[in-house]
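S.K.: Numbering (this note's numbering), first residue to last: 2 to 225. Each residue gets a CB set at the ideal place from its N, CA and C atoms; glycine is no exception. Mind having a look at this structure? Questions to follow.
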């Protein structure tokens with residue numbers, strides 16, 4: 002929808018820095034007709050103000066942008082609720098079986114997590130419900146309802162798609178999520194399809210399965 006996009010005024014000058022995932026960090030630069038009250042960065046040797054928002058360009062109209070998110074530890078869901086990435090990822094990364102993890106779900110109804118087990122703990126992906134079970138339960142207890150994860154939606158990294166890191170051993174979040182874009186979309190599509198039919202009750206009632214059943218039910222109600 003085009004109403005989500007904006008264009009910078011002619012009196013402004015913006016410098017875009019690619020984040021390697023289709024989004025850009027934008028820096029507002031000082032210009033003859035524009036004097037900034039706050040300066041916190043230099044762009045091309047020009048005193049500037051670095052915003053903490055990420056933008057993406059219009060696919061058909063060059064020069065038009067829309068806000069994609071923030072350069073912090075939060076993602077916003079389609080409901081307007083926010084999930085704190087740092088705390089939940091830190092909990093998962095403390096699991097003895099885990100090497101790294103990424104929580105995602107920007108613009109989606111529900112958060113999900115992509116985990117990268119330590120090499121010595123590779124396992125059968127069909128048995129992923131047993132993956133870091135105690136850690137997931139702790140995360141469920143800790144997180145607010147809109148940020149709770151479900152074992153049924155945990156994604157596991159593939160040996161053919163290893164996580165990518167910078168020279169400083171920082172996880173390249175945008176690059177990794179782009180690499181797994183198809184798997185992520187397929188997973189959410191599967192959830193959407195389940196909304197179009199009756200949702201069978203879980204075979205075993207426990208806290209996690211009950212919350213999963215409630216989530217699917219709420220999705221159906223919101224779609225009606």
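Who are the near neighbours of residue 7 in its chain, counting only those whose CB is closer than 8 Å to its CB and skipping five residues on each side?
M.R.: Once the five neighbours on either side are set aside, the close Cβ partners of residue 7 are 65, 66 and 67.
S.K.: Among residues of its own chain, excluding the 5 on either side of residue 82, which ones have a beta-carbon nearer than 6 Å to its beta-carbon?
M.R.: Around residue 82: 147.
S.K.: Secondary structure at residue 27, three-state DSSP: helix, strand or coil?
M.R.: The answer is strand: DSSP assigns residue 27 an E or B state.
S.K.: Counting only the same chain and skipping the five closest in sequence on each side, list residues whose C-beta sits under 8 Å from that of residue 188.
M.R.: For residue 188, where only same-chain residues beyond five positions count, the Cβ hits under 8 Å are 113, 154 and 156.
S.K.: Ignoring anything shorter than 4 residues or poking outside the stretch 100-188, list the alpha helix (DSSP H) runs there in chain order.
M.R.: The qualifying runs are 134-143 and 174-180.
S.K.: Whole angstroms is fine: what's the gap from residue 103's alpha carbon to residue 116's?
M.R.: In a straight line, the C-alpha of residue 103 is about 6 Å away from that of residue 116.
S.K.: Measuring only between beta-carbons, confirm whether residue 163 sits less than 9 Å from chain C.
M.R.: You won't find chain C in this structure, because it holds only one protein chain.
S.K.: Taking C-beta to C-beta, are residue 15 and residue 27 nearer than 9 Å?
M.R.: Cβ atoms of residue 15 and residue 27: closer than 9 Å.
S.K.: Bridge partners for residue 40 per DSSP, in chain order?
M.R.: DSSP output for residue 40 lists no bridge partner at all.
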